[in-house]
Amino acid sequence: MDQIVAYFENIPSLHRALILVGGITFFWILEGAVPLFSFRYKKWNHALPNLFFTLTTIIINFILAFILLTASDWVVNNSFGLLYLFNNIPLALEVLIALLLLDFIGAFLAHYVEHKFNPLWMIHLVHHSDHNVDTTTANRHHPLESLIRFTFTLFAILIVGAPIGYVMLYQSISVLLTQFNHANIKLPKKIDKFLSYLIVSPDMHKIHHHYRLPYTDANYGNIFSIWDRIFGTYMYLDREKIVYGVDVFPDHNKNSNIKDLLKQPFEKYQRPTMSNEL
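Going by the numbering used here, the sequence shown opens with residue 8, and the numbers climb by one from there.
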């Protein structure tokens, strides 16, 4: 574990890029071998807007990375954060606690808040308006959402007291798990169900991309599925019944056009309540 933490403390930017590109490439190939849905679309045409938003996310995170590094150095130098409440615990346990808390604050909580406040939902809508969810959908986030997610990650570092090695390890796992659970792959149901008790499996997350409430407001998890089960936001829907997209934003053309997607958060819209949806 010492060697793993040491590696991620100084992980080269090239290696981080390889994790991102390697993950997309691996799951892209796997989607062709064992697809969950046979989409009637040209895969590269569908991927282009998603890869555009992946690029904007990379650029924003790269520009702001020094803030995360500064915050992490500060909490370590000042022994500030929840991790410092635990004394003399094994390194592996400390890393696990850090990953759990970073995932809860930086991902689950951020995601939950985006669904509960209309202006933030309109920003997050860009992610949900994909009608053909696959591994490229994982980082389909409006630039404003990239800033929101970055802010939650920053607060997570300050609250947890996470060293930069833990943060880089968390972000690397997050990238791969997000690509995995968005991938258009068909795992045996028993295996997917088994995985869902520990991590967010593909079937579990696909339910979150169903086009109607209440399923859209369920299964917020990113890495660990424990948070949805603890906070009662876990729901099940048979994967054959899942329809992607958002029912009140049904225009496929607009939802696959970069210019329209960039403008989407600024459209006038009041999100309906669940009672209106059912």
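Virtual Cβ for every residue (Gly too), placed ideally from N, Cα, C.
When you compare the CB positions of residue i and residue j, do they come within less than 8 Å of one another, or not?
i    : j    : result
I112 : A163 : yes
N17  : H138 : no
H189 : T142 : yes
V288 : L127 : The chain is shown only over 8 to 285; residue 288 falls outside these bounds and no answer can be derived.
Y204 : S181 : no
P150 : I230 : no
V255 : L165 : no
L43  : N264 : no
A105 : A169 : yes
N57  : T185 : no
G30  : L202 : no
F124 : Y227 : no
T64  : S153 : yes
V207 : G88  : no
I70  : S179 : no
M242 : P221 : yes
Y218 : G239 : no
V140 : L75  : no
K193 : V41  : yes
L268 : V133 : yes
In this structure, how does DSSP classify residue i when only helix, strand and coil are distinguished?
i    : result
H217 : strand
Y251 : strand
I65  : helix
I18  : coil
I230 : coil
I36  : helix
I206 : strand
P42  : strand
I192 : strand
F87  : coil
F93  : coil
F238 : coil
F124 : coil
F159 : helix
L285 : Summary for L285: the model assigns pLDDT 40, below 50, so the residue's position carries little reliability; its value from the coordinates is reported in the next sentence. If DSSP states are grouped into helix, strand and coil, L285 belongs with coil.
A13  : helix
Given the structure, does residue i come close to the ligand MN, in the sense that its CB is under 7 Å from one of the ligand's heavy atoms?
i    : result
L269 : No copy of the ligand MN occurs in the structure displayed, which carries no ligand at all.
Counting only beta-carbon separations shorter than 8 Å, does residue i have a partner in chain B?
i    : result
D110 : Any reference to chain B falls outside this structure, which holds one protein chain only.
For residue i, count neighbouring C-beta atoms within 10 Å of its own C-beta (all shown protein chains included) and say buried if the count is 16 or more, exposed if not.
i    : result
T223 : buried
H259 : exposed
K213 : buried
V250 : exposed
D80  : exposed
R147 : buried
R236 : exposed
A54  : buried
P272 : buried
E38  : buried
I171 : buried
R47  : exposed
A225 : buried
F34  : buried
Y177 : buried
M8   : exposed
F93  : exposed
T289 : The question about residue 289 has no answer, for the chain in this structure spans 8 to 285.
A117 : buried
T32  : exposed
L62  : exposed
W234 : buried
S282 : Residue confidence for S282 is low, a pLDDT of 43 falling below 50, so the modelled location carries little weight and cannot support an answer.
TODO: Take every Cβ of the region 155 to 166, pair it with every Cβ of the region 91 to 102, and state whether three or more of those distances are shorter than 8 Å.
DONE: no
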